[in-house]
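Undergrad: Take the sequence shown: its position 64, counting from 1, is numbered 66 in our numbering, and each next residue is one higher.
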Amino acid sequence: MFGKKKKRLEISAPSNFEHRVHTGFDPREQKFTGLPQQWQSLLADTANRPKPMVDPSYITPSSWHP
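#1: Going by DSSP, what residue range makes up the alpha helix (DSSP H) through L44?
#2: Just tell me which of F19, S14, F4, G36 has its CA closest to the CA of G26.
#3: How long is the line joining the alpha carbons of W41 and F34, rounded to whole angstroms?
#4: Would you kindly work out how many angstroms separate the C-alpha atoms of D28 and P58, rounded to a whole number?
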């Protein structure tokens, strides 16, 4: 009935973090800059992406909040 309290988990700060990629967006060219080659291929392949299952223009705003 009176068990031990659960210990609260502590989340530490990141360690050995390396910022290896700095990207940006060129609004004049409408392109991302500084992307790794693997990421560029993902963005260039937009013609082969499947279409969304739901058209976002049919989604109506609601007042529901979780």
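Think of the CB as a built atom: it goes at the ideal place given N, C-alpha and C, for glycine as much as any other residue.
All values derive from a computational prediction rather than experimental measurement.
TA: So, from the listed chains and residues:
#1: 39-46
#2: G36
#3: 10 Å
#4: 26 Å
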